[in-house]
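Here our numbering is used: the first residue of the sequence shown is 17, the next is one more, and so on. Quick reminder that beta carbons are idealized off the backbone N, C-alpha and C, glycines included.
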Amino acid sequence: MTPLHQGWTLRAVPGPQVPAGIADRAVPATVPGCVHTDLLAAGLIGDPYLDANETGLGWIGRTDWVYETTFDRPDGAHDRVDLVCDGLDTVATVTLNGVEIGRTANMHRGYRFDVGALLRPEDNTLAVRFDSAYRYAEAQRDRLGDRPNAYPEPFPFIRKMACNFGWDWGPTLVTAGIWRPIGLHAWSAARLATVRPLVTVDGTDGRVELHVEIERAADVPVTVRAAVAGGAAEATIAAGERTAVLTVAVRDPERWWPRGYGDPVRHDLDVTLCGPDGATLDTWSRRVGFRSVRLDTAGDEHGAAFTLHVNDVPVFVRGVNWIPDDAFGTRITRERLAHRFDQAIGANINLLRVWGGGRYESEDFYDLADSLGLLVQQDFLFACAAYPEEEPIASEVAAEAAEQVVRLAPHPSLVLWTGNNENIWGWHDWDWQEPLAGRTWGRGYYLDVLPRTVAELDPTRPYWPGSPWSGSEDVHPNDPAYGTMHIWDVWNTDDYTKYRAYVPRFVAEFGWQAPPAYATLRRALSDDPLAHDSPGMAHHQKAIDGDLKLQRGLDAHLPPPADFDDWHYLTQLTQARAIQVGIEHFRSHRSVCSGTIFWQLNDCWPVTSWSAVDGDGRRKPLWYAVRRAYADRLLTVQPRDGGLAVVAVNETGSPWRIDATVTRVTLAGEPRAKTGVQLDVPPYSSVARVLPAELARPDEPRRELLLAETGEDAARALWFFAEDRDVTWPAAEYDATVEPAGDGQRVRVTARTILRDLILYPDRLDPSAEVDEALVTLLPGESATFTVRANGPLDATALTSRPVLRCVND
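This is the structure we're talking about:
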């Protein structure tokens, strides 16, 4: 394909909402790109991520825009020349040399137009007009009747990224533009229209069933050849025919495995289309992986399972939800994705759930996941709303689903299709049924159109109608005992210790908020002084009553903050503890629960949210807590039957034999009771041992804690008998040294008193700085070493004092 990415201009169609100086003014446009980024590059708008700039940019989504460029016809003689548009956002009219060649209304599809007859040798003018997404969606809403929705925006009435219209973590920035590559494809005789490999294994052998569809410009016989991992096949498509199925058998191929279970081995699959004379007409190549995947949903004494099996091995999912990494998708590069995936792997995550209010991600996303052994659960793009099933939306949904299933079929990382996010649950529990008054709401998509599409086009992967979903319309969709569940009462109304009230089969969403890193706030906000409710902070808190919920979490557990620095540290600490409590509890019930997917890994802008990595890519304390809670080998203390138990979880393929020591100690480190616990944990399992009463019952709850240790096998586990707000903390005393260490500095902290949840915030001194460890609790006499890396050396005194060095009892 010849890219058409140069020479574009952008202009607004005049209207009363368009600011003076922008209407009908042509500015340079970047393609792929979007209106917002072009206006920002031209200096015509402020950065929508800073302060409250977002609020002044609503007019962009209510304006029509025109992109235009000129180009010459490709050299050579060809039967066909097509204009290929991989992604138009969203309501587009495409004209070439003044002639309309097509209209589109779906951001999530590609389009191809035969333009050969319209092309001139030189100076062809291509224009793409984008009508207001708001106007289109509101017109469909008015025609079809409104539907219940978590937000007062019309996103269910247009096939566009829903979170463009704002979310409880995202800005309202309704984009338009040529957001994926666009170009000319010149070809003759025939081309490969679709190539759909179904990769399976049977015993030790592999099989690729290759479904090929061609488009013709000449009615001649053509030959399709395929080769992979030493196997090959070919088929002839006779004149007048358009499809072929080739089967390539591969003896004993190396398998693709998820991370933690083996190597993610991939093999080159090459497909060639040849004409009657043997000349190559078209080629297609991907890297595929031989692996099987199935979902075990069998009934048992606990309800019904939800266990993912890869290569017949049950995988405990240590997952995280993924949202678009930027509100403007073309700013998400392969390098940025690779860094984010490294952060996921660094936190011991093995699955990314691509959430249904975002987008089908880029080829780079799935290719990186394939190469790293990261599993992917892919939602179809429906979220938190009732969706109409009438035309033209129904046909768009069917076409979009078919295109994306075929596109993603080669990727071994993709292991599960999900029909929607929370919409079936919403129909049951969110007071939808009365306002719907019998109107369609999406059920036909989730229980008919989408499962039929997956069964027809990609039967190698399981499909699940919703997240959450119980497996049957006869069982409540969020029943903990069946299928998947979301736990949001904890954040919305309850304390995070309520996670322990649930023993679910699989938790697909649960989360707790915290603000981003201090350096991220300082880059994005000009508030002076910063406060939890200062104007910029308030604007970058999108959750309903978000700050009140943060305060509820603080009030339940921690001493009251004296200033913003305290509030920032303590809210981040609460988030980390909340998710660690949830994950460790769910993992401790591994025989019943087969996975957790917490909300969320990433942010799309600088915001107070549920993320572990903030909008500037900085790791919150939550990231370090998840790394510990998702460790391959986990030691944790859990409530059991009115007492306490030590639980060992082994997520490796080797047995884990533990000689653990559990000690009840005072805050000064003095032992009060002690026991040895022997645990023999088979691969991929957990073992619990109830502790003696003298360990589980303190003499002085406000002055004691439990300490469980195994040596080098796992991080030690702590259990405090009282909330931090009630503990009789000594004032924090410690000694600290700082010395150079390669490309950074080594900070060694030695406790003279207990130091509870010690964290270093080096980004307060240098925005480039990051630290390798956080959330460390030290007893008197113990030491911890932190490695800090930054663009230059940091001041030693500042690095080892408040507000950079923090602990609960400072």
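Going by DSSP in three states, residue i sits in which element: helix, strand or coil?
i	result
residue 44	strand
residue 339	coil
residue 312	strand
residue 529	coil
residue 283	strand
residue 218	strand
residue 506	helix
residue 23	coil
residue 816	coil
residue 225	strand
residue 609	coil
residue 122	strand
residue 52	helix
residue 657	coil
residue 9	No answer is possible for residue 9: the residues shown for the chain start at 17 and end at 826.
residue 106	coil
residue 386	helix
residue 717	helix
residue 70	helix
residue 147	strand
Considering just the uninterrupted stretch of the alpha helix (DSSP H) at residue i, what are its terminal residues?
i	result
residue 640	637-645
residue 598	580-604
residue 624	It is not in any alpha helix (DSSP H) - residue 624 carries neither H nor E in the DSSP assignment.
residue 409	409-424
residue 569	562-573
residue 440	439-445
residue 552	551-555
residue 751	Taken as a continuous stretch (DSSP letters only), residue 751 belongs to no alpha helix (DSSP H), being part of the beta strand (DSSP E) at 750-757.
Let me check understanding here. Comparing Cα to Cα, which of the options lies closest to residue i?
i	options	result
residue 195	819, 699, 716 and 45	45
residue 181	239, 161, 157 and 77	77
residue 495	481, 522, 475 and 479	522
residue 191	460, 157 and 108	108
residue 828	696, 560 and 641	There is simply no residue 828 to check, as the chain begins at 17 and stops at 826 in what is shown.
residue 649	88, 111, 655 and 663	663
residue 659	258, 176, 468 and 735	735
residue 744	769, 458, 516 and 753	769
residue 164	453, 561, 544 and 683	453
residue 829	217, 738 and 525	Since the first residue shown for the chain is 17 and the last is 826, residue 829 is missing from the structure and cannot be characterised.
residue 445	29, 402 and 124	402
residue 80	619, 364 and 106	106
residue 467	455, 457 and 480	480
Go ahead and label residue i buried or exposed: buried means 16 or more other beta carbons lie within 10 angstroms of its beta carbon, across all protein chains shown.
i	result
residue 426	buried
residue 625	buried
residue 22	exposed
residue 359	buried
residue 267	exposed
residue 259	exposed
residue 675	exposed
residue 141	exposed
residue 136	exposed
residue 560	exposed
residue 464	exposed
residue 261	exposed
residue 773	buried
residue 416	buried
residue 431	buried
residue 246	exposed
residue 482	buried
residue 542	exposed
Would you kindly report the start and end of the unbroken beta strand (DSSP E) that includes residue i?
i	result
residue 239	238-244
residue 301	296-304
residue 694	687-697
residue 357	Per DSSP, residue 357 belongs to no beta strand (DSSP E); it is in the alpha helix (DSSP H), 350-362.
residue 87	81-87
residue 130	127-130
Determine, using beta carbons only, whether residue i comes closer than 7 angstroms to chain B.
i	result
residue 427	Of the protein chains in this structure there is only one, and it is not chain B.
Report task. Pair every Cβ in the segment 751-766 with every Cβ in the segment 787-800, then say whether three or more of these pairs are closer than 8 angstroms. Result -> yes
Requested in this report: Report yes or no: do the segment 537-545 and the segment 595-604 share at least 3 C-beta pairs separated by less than 8 angstroms?
Outcome: no
**Report entry** Three-pair Cβ contact test at 8 angstroms for the segment 229-239 versus the segment 202-213
**Finding:** yes
Query raised in the report: Below 8 angstroms, can you find three or more Cβ-Cβ pairs linking the segment 603-611 to the segment 312-331?
Result: yes
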